[in-house]
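Everything below concerns the one structure shown next.
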Amino acid sequence: MSMNGVSLYALKNEMQEKLLNARIDKIYQENRDIIIYLRNKGENMSLYFCFSADNPAFYLTKNKFDNPKEPPMFTMLLRKYLTNGKISGIRQIGLDRVISIDFDTAGDVFDLDKVSLNFEIMGKYSNLILYETKSGNILDALIRVYPDMSSVRLVLPKEEYTLPVSDKKNILKMDFEDIKKVLEENALQPLSKSLYRYFEGFSPDIVLDILFKLNLDENINYSSLDDTDKNRVVDEIIVIKNRILNNDFTPTVLLKDDKPFRILPFDTPRPHDKKIFDSMNNAVKFFYENRAFLKLQASRIHELEKKIKNKVESLERALANNQKDMLKASDRESIKLKADLLAANIYKIKKGDKKIIVNNFYSEDNAEITLNIDETLSPKQNVDKMYNKYTKLKNTEEVLKKRIPHIKNEIYYLNSVLLNLRQTETIDEISAIRKELIDGGYFKVKSKKKIREPKLKFREFKSPSGLVVRAGRNNIQNDELTNKLAHKSDLWFHLRNEPGTHVILSSANETVTEEDIVYCASLAAALSGKTIKSDIDYTEVKNVKKIPGAKPGLVTYKDFKTITVEPIKL
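Numbering follows UniProt numbering, with no gaps: position 462 of the sequence shown is 462.
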């Protein structure tokens, strides 16, 4: 779980400055997430409660969200009690992951003038609970907890609200001796576990930072330390306590493979890719919106990838069957030979014959050959049947000569779409590929609403000598770039004999260096998903021609050169 209690404390302090006296305008629910639209000091904002099972959190944003046509019951209840009310307080329960937001109601809701909304951040058990501030009676919750779900704590209307059970200690209320006593009582446990298990707000990452700073092994226990190191551990916890009380935070997001991984209240001393923010809200917003985007991106890519792969598999089966039929059709001349021999010897066929032996006058030695005869047919019908079979195979071959290349081109095209899909970086890029597939008739949409066409810019780079290099993000862009926008003397680069991105070096009236060519070839390899040395063809744009009637991005080219390069790191 990424949101720890100390980071939540920093976020709560920022929220207090931003949200006190904010008026509630609207309340929406998107899936399980709750969005409260607010206005304060002439500024509009949204308080977003995220209920992702692995990363629940809340933060302020100015993003707009869709309003479901039929709001869930809990949303209707929130609207009833909170709309037009004001936020009168924001509290954190110790350093635990429970935030309480107090509201002054609009004054006309069953004589209730104050209600509270508690956000409990507990992984998949996270909840949002509305209750009467004075009595503590629950009005309702996003997730009700019934007796058969928990024997410890019920979360139901009219039940009294109680906090989640926790035996952790709040370091903000502890001095040196208090902290030392807790560590002494659990001295046989590894420090990495005891610090996390017994102190509120600490996450495994905060604990690892403490131990790293003190140069202590994470598996060492408190009892193994000498008095100096024992005191150093307590002192470091006191340092954290004072930083929290002084609101001295350095909001940090740890990155893993350039993706948000953890949120920390302080800069980490450990070597780690990271991004530091000026506020905890911005750190949390960056973390969750990036995670949400990555999740949505993965979902949409998976949806399209599945459709494309299914179509490719279908085409590959059709190709295999057509190639088998082509192999059979290639035997048509032997059928015609037999038909000719049968016709020449028709007078020898007697009623009831199942086969006939004739001389093959097409062979040099006039060798004998046995021909099978359908005894249920007349001699002429047998000859006609043989010629009809030949004609059918001949016609089949003519059809397959056109169909097989078409199927191969379609498989090639769809594999290029898969490649482009795996290179996408934004939702708009995915949407553009989806529209390309819809326009190509690969799947239908239920809605009659016109599909919005995202406005995407070409990928643009600079060559070593400063020339403009552009590349398509999908096949529609590849088509437009190569066949419409590029000058005939520009250089065109493409992965040899495989689906790939079209790369154009704008070289009109400019000197192209060897370094420029190597760069563009390496770029074409990288943008085509290659991670090892690859062959890249390049030629002037005037030598590249779109295949008439073919799918977007499919071209033929001539007078090219080939270069083998390592893909560059993008």
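For each residue, glycine too, the CB sits at the ideal point set by N, CA and C.
Just so we're clear, the structure is a prediction, and the values are computed from it rather than from any experiment.
Take the Cβ of residue i as the centre, count every other Cβ of all protein chains shown within 10 Å, and call the residue buried at 16 or more, exposed below.
i           : result
M122        : exposed
residue 579 : With the chain represented from 1 up to 570, any question about residue 579 goes unanswered, as that position is not in the structure.
S151        : exposed
P552        : buried
L120        : At residue 120 the sequence reads Glu, which differs from the Leu that was named. That one is buried.
Q477        : buried
residue 583 : Not covered by the structure: residue 583. The range shown for the chain is 1 to 570.
residue 581 : The chain is shown only over 1 to 570; residue 581 falls outside these bounds and no answer can be derived.
P548        : exposed
H502        : buried
K324        : exposed
E364        : exposed
N382        : buried
M280        : buried
S534        : buried
P269        : exposed
I438        : exposed
G136        : exposed
residue 572 : Nothing about residue 572 can be read from this structure; the chain reaches only from 1 to 570.
F202        : buried
R39         : exposed
E410        : buried
P157        : exposed
M149        : exposed
Excluding sequence positions up to five away, which residues of its chain have a Cβ less than 8 Å from the Cβ of residue i?
i    : result
L467 : L505, S506, S507, E510, V512 and D516
F560 : D537, Y538, T539 and N543
K354 : N372, I373 and E375
E30  : F65, D66 and P68
E184 : Y222
G352 : E375
E436 : V417, N474, N475, I476 and P552
P204 : S192 and Y196
Starting from residue i, follow the alpha helix (DSSP H) in both directions and report where the run begins and ends.
i    : result
L195 : L191 to Y198
P204 : P204 to K213
F65  : It is not in any alpha helix (DSSP H) - F65 carries neither H nor E in the DSSP assignment.
E177 : F176 to E185
Tell me which residues share the same chain as residue i and place their Cβ nearer than 7 Å to its Cβ, disregarding the 5 neighbours each side in the sequence.
i           : result
Y288        : C50, N55, A57 and Y59
L570        : A526
D104        : G85, K86, S88, D113 and K114
Y362        : L337
R291        : N55 and P260
L377        : K385
N127        : E120, A141, L142, I143 and V155
G94         : N170 and E200
F176        : V234 and I238
T396        : D325 and A329
A53         : G123 and K124
residue 582 : Outside the shown range of the chain (1 to 570) lies residue 582, about which nothing can therefore be said.
What does residue i pair with, by DSSP beta-bridge criteria?
i    : result
Q29  : I34
M45  : L38
V145 : V155
C50  : A57
S116 : D102 and Y131
K561 : Y538
T252 : L264 and I276
E236 : None; E236 has no bridge partner.
D229 : In the DSSP output, where bridge partners are listed per residue, D229 has none listed.
I24  : L38
D140 : L130
Over what stretch of residues does the beta strand (DSSP E) that includes residue i continue unbroken?
i           : result
G5          : Per DSSP, G5 belongs to no beta strand (DSSP E); it is in the alpha helix (DSSP H), G5 to L19.
residue 642 : Residue numbering for the chain in the displayed model covers 1 to 570; residue 642 lies beyond these limits and cannot be assessed.
Y131        : N127 to E132
A471        : V468 to A471
N372        : E368 to N372
R79         : It is not in any beta strand (DSSP E) - R79 instead sits in the alpha helix (DSSP H) that spans M73 to L82.
K86         : K86 to Q92
In chain order, what residues of the same chain have a beta carbon less than 6 Å from the beta carbon of residue i, not counting five sequence neighbours either side?
i    : result
H487 : A508
L117 : I101 and L130
A343 : V383
Say the cut is 7 Å; is the CB of residue i nearer than that to a heavy atom of the ligand ADP?
i    : result
D353 : For the structure depicted, the ligand ADP is absent and the ligand set is empty, with no information on it obtainable.
Taking only beta-carbon atoms, is residue i less than 8 Å away from chain D?
i    : result
K158 : Protein chains in the displayed structure number just one, and chain D is not present.
(Q) As an exercise, report each continuous beta strand (DSSP E) stretch of at least 3 residues that is fully enclosed by the region 254-299, in chain order. (A) 259-264 and 274-276
Q: Could you name each continuous alpha helix (DSSP H) segment of 4 residues or more that falls completely within the region 416-441, going from the start of the chain to the end?
A: 427-439
(Q) Just to confirm the assignment: which complete beta strand (DSSP E) runs, minimum length 3, are found wholly within the region 309-365? (A) 355-359
(Q) Report the start-end ranges of each alpha helix (DSSP H) in the UniProt domain "NFACT RNA-binding" (457-558) that is 4 residues or longer and not cut off at the edges. (A) 475-480 and 514-527
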